Amino acid sequence: MKKLINDPKKVVDESVEGFGLAHAAHVKVNPDPLFVIRKDAPRAGKVGLVSGGGSGHEPLHAGYVGYGMLDAAVPGPVFTSPTPDAIIPATIAANSGAGVVHIVKNYTGDVLNFETAAEMAEAEGVEVRTVLVNDDVAVEDSLYTAGRRGVAGTVLVEKIAGAAAERGDNLDAVAAIGNRVNANVRSMGVALSACTVPHAGVPSFELAEDEIEIGIGIHGEPGRHKIPMENADGITDRLLEPILADLKPASGDKVLLFVNGMGGTPASELYIVYRHAAKALEAAGLVVERSLVGNYITALEMQGCSISVLRLDDEMTELWDAPVNTPALRWGM
Amino acid sequence: MKKLINDPKKVVDESVEGFGLAHAAHVKVNPDPLFVIRKDAPRAGKVGLVSGGGSGHEPLHAGYVGYGMLDAAVPGPVFTSPTPDAIIPATIAANSGAGVVHIVKNYTGDVLNFETAAEMAEAEGVEVRTVLVNDDVAVEDSLYTAGRRGVAGTVLVEKIAGAAAERGDNLDAVAAIGNRVNANVRSMGVALSACTVPHAGVPSFELAEDEIEIGIGIHGEPGRHKIPMENADGITDRLLEPILADLKPASGDKVLLFVNGMGGTPASELYIVYRHAAKALEAAGLVVERSLVGNYITALEMQGCSISVLRLDDEMTELWDAPVNTPALRWGM
Amino acid sequence: MANNAALDAAWAIDWLRRSAAVVAENRVHLIELDRAIGDADHGENLDRGFSAILEKLDAELPATPGAAFKLAAMTLMSKVGGAAGPLYGTAYLRAATAVGDAASLDSATLATALAAARDGVVARGKAAVGDKTMIDAWTPAVDAAASAAADGAGPAVVLDAAATAAEAGAVSTDPLVAHKGRASYLGERAIGHRDPGAVSSAMILRAAAQAAEASS
Amino acid sequence: MANNAALDAAWAIDWLRRSAAVVAENRVHLIELDRAIGDADHGENLDRGFSAILEKLDAELPATPGAAFKLAAMTLMSKVGGAAGPLYGTAYLRAATAVGDAASLDSATLATALAAARDGVVARGKAAVGDKTMIDAWTPAVDAAASAAADGAGPAVVLDAAATAAEAGAVSTDPLVAHKGRASYLGERAIGHRDPGAVSSAMILRAAAQAAEASS
Ligand SMILES: Nc1ncnc2c1ncn2[C@@H]1O[C@H](COP(=O)(O)OP(=O)(O)O)[C@@H](O)[C@H]1O
Ligand SMILES: Nc1ncnc2c1ncn2[C@@H]1O[C@H](COP(=O)(O)OP(=O)(O)O)[C@@H](O)[C@H]1O
Ligand SMILES: [Mg+2]
Ligand SMILES: [Mg+2]
Ligand SMILES: [Mg+2]
Ligand SMILES: [Mg+2]
Numbered sequence: 088m089k090k091l092i093n094d095p096k097k098v099v100d101e102s103v104e105g106f107g108l109a110h111a112a113h114v115k116v117n118p119d120p121l122f123v124i125r126k127d128a129p130r131a132g133k134v135g136l137v138s139g140g141g142s143g144h145e146p147l148h149a150g151y152v153g154y155g156m157l158d159a160a161v162p163g164p165v166f167t168s169p170t171p172d173a174i175i176p177a178t179i180a181a182n183s184g185a186g187v188v189h190i191v192k193n194y195t196g197d198v199l200n201f202e203t204a205a206e207m208a209e210a211e212g213v214e215v216r217t218v219l220v221n222d223d224v225a226v227e228d229s230l231y232t233a234g235r236r237g238v239a240g241t242v243l244v245e246k247i248a249g250a251a252a253e254r255g256d257n258l259d260a261v262a263a264i265g266n267r268v269n270a271n272v273r274s275m276g277v278a279l280s281a282c283t284v285p286h287a288g289v290p291s292f293e294l295a296e297d298e299i300e301i302g303i304g305i306h307g308e309p310g311r312h313k314i315p316m317e318n319a320d321g322i323t324d325r326l327l328e329p330i331l332a333d334l335k336p337a338s339g340d341k342v343l344l345f346v347n348g349m350g351g352t353p354a355s356e357l358y359i360v361y362r363h364a365a366k367a368l369e370a371a372g373l374v375v376e377r378s379l380v381g382n383y384i385t386a387l388e389m390q391g392c393s394i395s396v397l398r399l400d401d402e403m404t405e406l407w408d409a410p411v412n413t414p415a416l417r418w419g420m
Numbered sequence: 088m089k090k091l092i093n094d095p096k097k098v099v100d101e102s103v104e105g106f107g108l109a110h111a112a113h114v115k116v117n118p119d120p121l122f123v124i125r126k127d128a129p130r131a132g133k134v135g136l137v138s139g140g141g142s143g144h145e146p147l148h149a150g151y152v153g154y155g156m157l158d159a160a161v162p163g164p165v166f167t168s169p170t171p172d173a174i175i176p177a178t179i180a181a182n183s184g185a186g187v188v189h190i191v192k193n194y195t196g197d198v199l200n201f202e203t204a205a206e207m208a209e210a211e212g213v214e215v216r217t218v219l220v221n222d223d224v225a226v227e228d229s230l231y232t233a234g235r236r237g238v239a240g241t242v243l244v245e246k247i248a249g250a251a252a253e254r255g256d257n258l259d260a261v262a263a264i265g266n267r268v269n270a271n272v273r274s275m276g277v278a279l280s281a282c283t284v285p286h287a288g289v290p291s292f293e294l295a296e297d298e299i300e301i302g303i304g305i306h307g308e309p310g311r312h313k314i315p316m317e318n319a320d321g322i323t324d325r326l327l328e329p330i331l332a333d334l335k336p337a338s339g340d341k342v343l344l345f346v347n348g349m350g351g352t353p354a355s356e357l358y359i360v361y362r363h364a365a366k367a368l369e370a371a372g373l374v375v376e377r378s379l380v381g382n383y384i385t386a387l388e389m390q391g392c393s394i395s396v397l398r399l400d401d402e403m404t405e406l407w408d409a410p411v412n413t414p415a416l417r418w419g420m
Numbered sequence: 008m009a010n011n012a013a014l015d016a017a018w019a020i021d022w023l024r025r026s027a028a029v030v031a032e033n034r035v036h037l038i039e040l041d042r043a044i045g046d047a048d049h050g051e052n053l054d055r056g057f058s059a060i061l062e063k064l065d066a067e068l069p070a071t072p073g074a075a076f077k078l079a080a081m082t083l084m085s086k087v088g089g090a091a092g093p094l095y096g097t098a099y100l101r102a103a104t105a106v107g108d109a110a111s112l113d114s115a116t117l118a119t120a121l122a123a124a125r126d127g128v129v130a131r132g133k134a135a136v137g138d139k140t141m142i143d144a145w146t147p148a149v150d151a152a153a154s155a156a157a158d159g160a161g162p163a164v165v166l167d168a169a170a171t172a173a174e175a176g177a178v179s180t181d182p183l184v185a186h187k188g189r190a191s192y193l194g195e196r197a198i199g200h201r202d203p204g205a206v207s208s209a210m211i212l213r214a215a216a217q218a219a220e221a222s223s
Numbered sequence: 008m009a010n011n012a013a014l015d016a017a018w019a020i021d022w023l024r025r026s027a028a029v030v031a032e033n034r035v036h037l038i039e040l041d042r043a044i045g046d047a048d049h050g051e052n053l054d055r056g057f058s059a060i061l062e063k064l065d066a067e068l069p070a071t072p073g074a075a076f077k078l079a080a081m082t083l084m085s086k087v088g089g090a091a092g093p094l095y096g097t098a099y100l101r102a103a104t105a106v107g108d109a110a111s112l113d114s115a116t117l118a119t120a121l122a123a124a125r126d127g128v129v130a131r132g133k134a135a136v137g138d139k140t141m142i143d144a145w146t147p148a149v150d151a152a153a154s155a156a157a158d159g160a161g162p163a164v165v166l167d168a169a170a171t172a173a174e175a176g177a178v179s180t181d182p183l184v185a186h187k188g189r190a191s192y193l194g195e196r197a198i199g200h201r202d203p204g205a206v207s208s209a210m211i212l213r214a215a216a217q218a219a220e221a222s223s
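Chains as they are written, first to last, in the numbering used here: chain A, 88 to 420; chain B, 88 to 420; chain C, 8 to 223; chain D, 8 to 223.
Dropping the structure here:
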């Protein structure tokens, strides 16, 4: 394992410290318990947005703290959800009195820790709503599993719910639009290589030189199945097919197409995937109205990508376009 | 070699096509000869900025086409400079009559091809100035070599010269500020792994599991020397030392600190490097006024990073802060 | 032989220390188990949590078993994270509630405390036996403890029965498809792998039995 | 034996076709040489350029050697990129200028054309012999051609002498530190590696000699 790190146990603390130094204009870092908060939080009258989860998915979540997106982010250890003792003070700090929405990716650990934190924050007088993100169509039979995982759709939920909060929507409205985004987004990923968790020191799974892992999550956990390596267009089709089968968009639907890099894949390859995906969606009668391409929710240095398709309505599009000013997503200001 | 590509010979064409589809709001793609041009180019009265070079460094250069930065970018084959037959029409298309500045990284191939193109564009009536970027302190004895390479400093030159052009500076002034940025920026890189050029199919160099390559360029070419793996703080010191020795900043100087990822390194690691570099600069009496952290000029999927330090003056800072609206760098609008 | 002696705070503290030791020793093993069907952090997470417990014990010793369980609950809840943190945290918290401020625990109380702990995990995680989770270790352990206590066994024997049943329960997860937790995403590919949480549960219960044995 | 026959357009076309073939055959070899001390693209670049020349030749055949050189120059300039594109492009362009619209080339004209080509590379790239570039193949080739022509050798012999000298010149780059091009960044680490551009230059000159041999 070769990584630009010092002590593997200090990876998250040191990285978030560096993040705070680099983005002092956007955020403040609370070192212990560790959370990142918008510099001007809480903003009077505004619903607070708090997310968090295991580290290793950067820029998610801390990169999205700022105007028009999150008020606070709580980074756990690498691939391990944070604990209530960090989520609670972040929630309190993000609360202006208008309540706080927790955006939680659907993993047992995240759900349990945010659940406890929400209960305890409510006991301290903060009204909390939770938006559970579970967009990953790689997980089948969700009745017999922990349910679908929250993956790349999380970025879209955070952006759009964040814009709703910024324009002054109330607590229930912000949670509702977050849930609406989640209900309309589906994602599926592929890995060409595994990633190495710093404290584990060895890659999370094995892939032969001619194998890829389809339906991968964002924690280096194995995916749906291994298949022999294919070309980019073929892989793109394999990712899109279950997304469309599940989303069942109608011809003429407007969509946002999001091709996300897992951390170790060059931008040029993401655009090759985007190219074919955009053409395939258009061929399926959809209108690709918005796009996002890049490393927005990663799995350390894993090679691979995910595709997400979000069915847009006019309000979502408007909120997507609304100004956002965070370290990792910025436009309009 | 596992890559999200189709035909290795079509990597650049397909990738740029996808880029054009994803960023149709910012750019138009001319497929043959291949160049990317700002959607509203040429802008009346504005000096045009054109850059280009081998592909594989994305988002450089096409990602920086847009308001406040480049008017056109000319992507060559992977790691191979583009040819005059593409540079010339891009130059002509970027010319509003106010002339065009070529921003060229100092490699024999880029220099020769841009030189020819500049001559021929001038023959067609376009006034051309060239800013040669050569910020890489890894290359010693530049008298006995092709000279210092242009690396990450290029991004800073393109941003700041782009802002100067956008505010209406004339041809010589834009070239002058570009040269001033180049004169005040120094960079040095490290690789933890090599990258694989699609048409070569094998990694560009060999590194043992406990070795790193110091002074690496952005073409997978070997660097200054291999050393045993060290921790992030140690590596950061090794990169900063020759930068400061060469830049010779005075105590109290204001600087921009840029930690650039080579493509395969997680953001979290870049922030660990940033953290130590920022502290080291402050300890050296410098004031870190601005920062940039991320994958801005890459070498395919290479793991590693570069550090750049730009000595700022007030005008540079103002131009750095000026609005920019490109696919890969955006703020203020 | 004092095998029937009720277990006091010293036992509870020794249990926690032994748990910390066995988790530290098996950190890599638990990471490896989790790497196969999860995300390679279970050993790291528990080690972080139990190391923190050791630090707290260095600062101040709890006066009753219930206080020791509560200290463990709060520390694991705030240091472990992931799925295991809240689940183990809830287990210890429910055990603490079950034993109240009793100075020492007899066999029946121990069996009740284990059942309360298990019920807490089920309340939070909604797993049933056969779902390939720590419940596959806990439920047989709880049953074995209850029947040993009903048979009049002393605390050390009750805990030994629980640990032995938990160990068998952990092994029983090998052929299962998972229906809860991260391993559930794998479908059939989880077959043949042992659930890390069931293994760590068995280790911790074994530590409890050993502490009882040592205190007797 | 027609060894003294001047070389015409057919020869020039054959030379380009043979060059394309040898570059295609050695694409990987040239990539490998460039991977060691450069950026692993020299074979790919030249192959792209010479394949494009073949396509142009399929469309229309140039009528004079000069026209063939000009076609090569323009195609390489616009298809090869990198350092080699402008350098080879300039070489062919200068050769085209040197031979004008002569229908065929005698030994003296050939030697002059080679010298003009080399001078073009030097004008663009500023390399001297010993800098570990294609000039280390070209300059001995030019010298050998000039002295063969002065000795009254026919065109095929002149080109054979040039190719042989270029091959030796390429080998002579092995022990050198590079002072131009990408390999110059490597310092001492370039020692022991052969310069890819010198190797491709020798291949192309050998193709010229073989075409002359075949036309005789
Ligand atoms: N719903 C659940 N009920 C009971 N135990 C569970 C549940 N989900 C997960 N577990 C247990 O947690 C263990 C994984 O813990 P850990 O690796 O620390 O957390 P994470 O899965 O969040 O990385 C599993 O091996 C399993 O025994
Ligand atoms: N300044 C120069 N003068 C002469 N030849 C040069 C010069 N620079 C590079 N070369 C030649 O070009 C070759 C490399 O070509 P190529 O790999 O196609 O271009 P690049 O270096 O741009 O990738 C070198 O092996 C060398 O022979
Ligand atoms: Mg985990
Ligand atoms: Mg090249
Ligand atoms: Mg785990
Ligand atoms: Mg090369």
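Even for Gly, the Cβ is constructed at its ideal location relative to N, Cα and C. Small disclaimer: the values here were computed from a predicted structure and weren't measured.
Quick one: what's residue i bridged to in DSSP?
{"i": "Thr217/B", "result": "His189/B"}
{"i": "Pro118/A", "result": "Leu121/A"}
{"i": "Asp15/C", "result": "Ser111/C"}
{"i": "Met389/B", "result": "Gly350/B"}
{"i": "Gly140/B", "result": "Pro162/B"}
{"i": "Arg417/A", "result": "Asn412/A"}
{"i": "Ala148/C", "result": "DSSP output for Ala148/C lists no bridge partner at all."}
Excluding sequence positions up to five away, which residues of its chain have a Cβ less than 6 angstroms from the Cβ of residue i?
{"i": "Met8/C", "result": "Note on Met8/C: pLDDT 38, under 50, position unreliable in the model; the coordinate value appears next. Nothing meets the Cβ criterion."}
Check whether the Cβ of residue i sits closer than 7 angstroms to any heavy atom of ligand 2, and report yes or no.
{"i": "Pro182/D", "result": "no"}
{"i": "Leu94/D", "result": "yes"}
{"i": "Arg189/D", "result": "yes"}
In chain order, what residues of the same chain have a beta carbon less than 7 angstroms from the beta carbon of residue i, not counting five sequence neighbours either side?
{"i": "Leu334/B", "result": "Arg273, Val396, Arg398"}
{"i": "Val165/C", "result": "Ser114, Leu117, Ala118, Ala152, Ala155, Ala156"}
{"i": "Ala79/D", "result": "Leu23, Ile60, Tyr99"}
{"i": "Gly89/D", "result": "Asp48, Asn52"}
Shorter than 7 angstroms, the distance from the beta carbon of residue i to the closest heavy atom of ligand 4, or not?
{"i": "Phe166/B", "result": "yes"}
Do residue i and residue j have their C-beta atoms closer together than 8 angstroms?
{"i": "Glu388/A", "j": "Cys282/A", "result": "yes"}
{"i": "Leu157/A", "j": "Gly249/A", "result": "yes"}
{"i": "Ser222/C", "j": "Trp18/C", "result": "yes"}
{"i": "Ile179/A", "j": "Val213/A", "result": "yes"}
May I ask whether a heavy atom of ligand 5 can be found less than 7 angstroms away from the beta carbon of residue i?
{"i": "His144/A", "result": "no"}
Near residue i, what residues of its chain come up, given a Cβ to Cβ distance below 8 angstroms and the 5 sequence neighbours on each side ignored?
{"i": "Leu121/A", "result": "Val99, Asp100, Val103, Val161, Pro162, Pro169, Ala173"}
Within 7 angstroms of chain B by C-beta, residues of the region 100-112 of chain A in sequence order: Glu101, Ser102, Glu104, Gly105, Phe106, Leu108, Ala109
Where the region 306-331 of chain A meets chain C: residues whose CB sits under 7 angstroms from a CB there: Cβ contacts with chain C: His306, Gly307, Glu308, Pro309.
Against chain C: residues of the region 276-308 of chain A by CB proximity under 8 angstroms: If the cut-off is 8 angstroms between Cβ atoms, the region 276-308 of chain A has Val284, His286, Ala287, Val289, Ser291, Phe292, Gly304, His306, Gly307, Glu308 near chain C.
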